[in-house]
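Protein chains in written order, with my numbering: chain A, 814 to 1126; chain B, 399 to 514; chain C, 13 to 418.
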């Protein structure tokens, strides 16, 4: 019992996730800067930003709903943490699991997005209102391709449980390479989920200041930022667990390093995407997700169904 | 005209291995070439007190005061100076000239009025 | 079902680096109506010129704009020289054109970065501003200053271009040309960029004429007007260049026009340096400028710049009137934004390369008609109003704060 609590609270639970999210943010910003031929921040910058924001004055707009306004960042943080507890990291089992936890994790990762939208809604500011509506519009455009992409590999494994999917692909040799198309779709939609260029429409600085977060200051904004960074790690871990199911040997250190490399690689891919594109418009994002991403994800599902019917049987 | 997705990819990836273009200013100083319009220098001996620089200064930043017979003193208000070096052109006797000195910021306002 | 929301873009907004206000009425994501308000940054430069001598005014006018400072100073000086009937030496004319073209390069590269930032393409911003440093250094080398060059004097120029500096300019221009070719490729090939720029901020040829668009904004709608060609000043009559026009009529066209103009500028600079005549740098100018009126035109990077100077025979101008190019273009913005998306508002505004501080020549009452009685407040009322506002809206009590009004 105490061991489980320690696992949840310290390693590989909450504390580990927070530390990893800071490192992830640093890596993302540094690579982004390097690709733009800049210096980038020093290693302690994410921590410094977090502490600075915590120390800042908390201002809540007069018209905002105080209770919900304060509660939303914590809801966002906790839902990401819960999702993270169910994702297997360097072992085939996660801290907590049940049959069908992939679906559960996907839904837990949707909750932060909803809180961003609600945050904008309850701020009662025009910019935040527009941002809130854009968050929802964006959610509707990327969520379906993301679900289809993540669930495509599970068709082959005939299971919605992380452990069984990983076991299946480990036994199947290099069968996981089949899911490459879905992996690409998942990376692109993850970019949308994390609201980064080219899908940073809800936060488009030059249009609606900071979108839903316009009225958020100080500690509350710090928790939203933390939630966003943890979401990056959780999303990367999810994609790593489903699409890169290898490196689950018997040595802990070895497995741990492979996990870190996987997450770093995915964050690197996200950083590259955010470097080389311009921001899309809402309508362009919608048509891109539904015209291109969803059919591509469907193709993957089709391939997997054919493989399952023709080869595996 | 062929459309491409991610046209800048090659450039950004190659930038990963390049030295950043950022100049780490206070630690590494830029080389300033000799024509730079920095703080004005004053050569006492050459000044005849014609006050042309004072008359022409667009920012009213320079003042010449007489301290004794044929001896003058220049006061420069760095907070007003716009570094146009009009005074240098106006001086027919070569008593004012440009220097490369540009790091003139200070936290103390009283230090901004300097005797040249 | 969609309710109308009014979004204030400006006077303080991340998209605009200068104070101007656009009240955008939205219907969903679409722009239903837009109200342009300028007048937040009136600095009284025209009036201040009347208090200064012509010589001092040159430096003041140079500070109308931070980007096209040479344009304003040259335009103003041309008017003075016309009044005083001065003929500047050919070498001075060449150097003026040279600095003017370098300034155009610096301004267009700056615009490229700003425009890229408005559509969230920060990488292009970083790259183009990095390359802009080359031309900034060149300007510092030639004139001694990075921004307000102070290279013009009445009757000529102040700084010469040595042989060594010529080589440096040519070398830098080669690097810049290569970089610009790359940007032309990026602008014409990168899909997300084209998607965001084309068919955005459309203004037809007829409308552009009707609203009086100037500079690259007008040229992107096929208006073949360039003061450098139509009414050559400085040394532009002696160089060969092309007036770039485009028929896209949208933001993409404006970007293409600007990037192509960069290529023209490099060729102009090469020709100027090749032909640079020997001779004196300036002629002696009188302190007292003869009475009269003069209008001078100059093709600034953003468009046609017009200066009117009236002298009464003293050493101070009697009246100075400036018309910065943005004032001519700002009217067309409302037309361009009609029925557009909110997401396109910043890039459409940025596409005219606005410089609101140059534009603001007057103070206008910016309040709506409904609150007209609050239009003017004296200091005391304003203070009481703000203390009351903060107490009510932010819960902060400023009553005890030291009084500034005595």
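Quick reminder that beta carbons are idealized off the backbone N, C-alpha and C, glycines included.
Below-8 Å beta-carbon distance, residue i vs any chain B residue
i, result
"residue 429 of chain C", "This structure cannot settle anything about residue 429 of chain C, because the visible part of chain C is limited to 13 through 418."
"residue 381 of chain C", "Unreliable positioning characterises residue 381 of chain C in this predicted model, as indicated by a pLDDT of 49, which lies under 50. A coordinate reading is not provided."
"residue 1092 of chain A", "no"
"residue 171 of chain C", "yes"
"residue 76 of chain C", "no"
"residue 19 of chain C", "no"
"residue 115 of chain C", "no"
"residue 135 of chain C", "yes"
"residue 402 of chain C", "no"
"residue 103 of chain C", "no"
"residue 13 of chain C", "Per-residue confidence for residue 13 of chain C stands at a pLDDT of 39, beneath the threshold of 50, marking its modelled position as unreliable; the derived number appears in the next sentence. Chain B, which has no Cβ nearer than 8 Å to the Cβ of residue 13 of chain C, makes this no."
"residue 195 of chain C", "no"
"residue 230 of chain C", "no"
"residue 201 of chain C", "yes"
"residue 164 of chain C", "no"
Endpoints, the beta strand (DSSP E) within which residue i is located
i, result
"residue 473 of chain B", "469 to 475"
"residue 329 of chain C", "329 to 335"
"residue 320 of chain C", "315 to 323"
"residue 452 of chain B", "Taken as a continuous stretch (DSSP letters only), residue 452 of chain B belongs to no beta strand (DSSP E), being part of the alpha helix (DSSP H) at 450 to 454."
"residue 454 of chain C", "Any answer about residue 454 of chain C is impossible in this case: the structure gives chain C only from 13 up to 418."
"residue 306 of chain C", "304 to 312"
"residue 438 of chain B", "438 to 440"
Proximity of residue i and residue j at Cβ, strictly below 8 Å
i, j, result
"residue 30 of chain C", "residue 369 of chain C", "yes"
"residue 969 of chain A", "residue 1083 of chain A", "no"
"residue 454 of chain B", "residue 488 of chain B", "yes"
"residue 992 of chain A", "residue 1056 of chain A", "yes"
"residue 849 of chain A", "residue 138 of chain C", "yes"
"residue 975 of chain A", "residue 907 of chain A", "yes"
"residue 1089 of chain A", "residue 192 of chain C", "no"
"residue 207 of chain C", "residue 405 of chain B", "no"
"residue 264 of chain C", "residue 339 of chain C", "no"
"residue 1053 of chain A", "residue 1075 of chain A", "yes"
"residue 297 of chain C", "residue 167 of chain C", "yes"
Proximal residues of chain A, C-beta to C-beta of residue i below 7 Å
i, result
"residue 424 of chain B", "Result: empty, since nearest Cβ-Cβ is about 14 Å, beyond 7 Å."
"residue 393 of chain C", "What residue 393 of chain C touches in chain A: nothing, since even the nearest Cβ is about 23 Å away."
Interface residues of chain C facing residue i [CB-CB closer than 7 Å]
i, result
"residue 1018 of chain A", "26"
"residue 1095 of chain A", "41, 355"
"residue 1006 of chain A", "Correct list: empty, because the minimum Cβ distance to chain C is about 17 Å."
C-beta neighbour in chain C for residue i, strict 8 Å
i, result
"residue 403 of chain B", "yes"
"residue 955 of chain A", "no"
"residue 862 of chain A", "no"
"residue 419 of chain B", "yes"
"residue 943 of chain A", "yes"
"residue 461 of chain B", "no"
"residue 450 of chain B", "no"
CB contact check: residue i to chain A, cutoff 8 Å
i, result
"residue 207 of chain C", "yes"
"residue 405 of chain C", "yes"
"residue 348 of chain C", "no"
Where the alpha helix (DSSP H) containing residue i begins and where it ends
i, result
"residue 983 of chain A", "975 to 984"
"residue 841 of chain A", "827 to 848"
"residue 21 of chain C", "It is not in any alpha helix (DSSP H) - residue 21 of chain C instead sits in the beta strand (DSSP E) that spans 16 to 21."
"residue 354 of chain C", "Per DSSP, residue 354 of chain C belongs to no alpha helix (DSSP H) and is neither H nor E."
"residue 219 of chain C", "217 to 222"
"residue 865 of chain A", "858 to 868"
"residue 897 of chain A", "879 to 898"
"residue 461 of chain B", "Taken as a continuous stretch (DSSP letters only), residue 461 of chain B belongs to no alpha helix (DSSP H), being part of the beta strand (DSSP E) at 460 to 466."
Interface residues of chain B facing residue i [CB-CB closer than 8 Å]
i, result
"residue 821 of chain A", "In chain order: nothing, as chain B lies at least about 37 Å away."
Beta-carbon neighbours of residue i, restricted to chain C and to distances below 8 Å
i, result
"residue 777 of chain A", "Since the first residue of chain A shown is 814 and the last is 1126, residue 777 of chain A is not available in this structure."
Chain C residues whose Cβ lies nearer than 9 Å to that of residue i
i, result
"residue 928 of chain A", "Here the premise fails: no neighbours, minimum Cβ distance about 22 Å."
"residue 925 of chain A", "The contacting residues do not exist; residue 925 of chain A stays about 22 Å from chain C at best."
Under 8 Å from the C-beta of residue i: neighbouring residues of chain A
i, result
"residue 456 of chain B", "Chain A residues near residue 456 of chain B: none, gap ~36 Å exceeds 8 Å."
"residue 138 of chain C", "849, 850, 851"
Per-residue contacts from residue i into chain B (C-beta, under 9 Å)
i, result
"residue 153 of chain C", "431, 433, 434"
For this session: For the region 428 to 445 of chain B, enumerate the residues whose C-beta is nearer than 8 Å to any C-beta of chain C, in chain order.
Result: Residues of the region 428 to 445 of chain B that bring their beta carbon within less than 8 Å of a beta carbon in chain C comprise 431, 433, 434, 435, in sequence order.
Problem set entry | Members of the region 839 to 854 of chain A that neighbour chain B once the beta carbon cut-off is set at 9 Å | Hits within the stretch, in order: 844, 846, 847, 848, 849, 850, 851, 852, 853.
For this session: Using a Cβ-Cβ cut-off of less than 9 Å, list which residues of the region 1075 to 1092 of chain A approach chain B; keep chain order.
Result: Listed in sequence order: 1085, 1086, 1088, 1089, 1090.
Exercise. When Cβ atoms are compared, which residues of the region 479 to 496 of chain B fall closer than 9 Å to chain C?
Worked result: When C-beta distances to chain C are compared with 9 Å, the residues of the region 479 to 496 of chain B below that value are 480, 481, 482, 483, 484, 487, 488, 496, in chain order.
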